[in-house]
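What follows is a single structure, written as structure tokens, with notes after it.
Numbering (this note's numbering), first residue to last: 263 to 331.
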């Protein structure tokens, strides 16, 4: 829904993807969470920059998932 309203590359879409990925992560659905985190990070870096707090949060979340093994 947010993609339709805001466009695919809006920072709020990145936030929504990060939140959905977090839900999947907490449910142990790691293979479903990873591409969402990656997409969220790509959008955040592109729209907000690497040093933005939201980008850093998404990056940490993806790293946590990848460290899961």
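Ideal placement from N, C-alpha and C gives every residue a C-beta, glycine not left out.
- Within its own chain, the residues whose Cβ lies closer than 6 angstroms to the Cβ of residue 320, once the five positions on either side in sequence are excluded, are 280, 302, 303, 306, listed in chain order.
- For residue 288, the enclosing alpha helix (DSSP H) begins and ends at 273-288.
- Residue environment analysis places residue 324 among the buried positions, since at least 16 neighbouring C-beta atoms fall within 10 angstroms of its C-beta.
- Residue 284 is classed as buried because its beta carbon has at least 16 other beta carbons within 10 Å across all chains shown.
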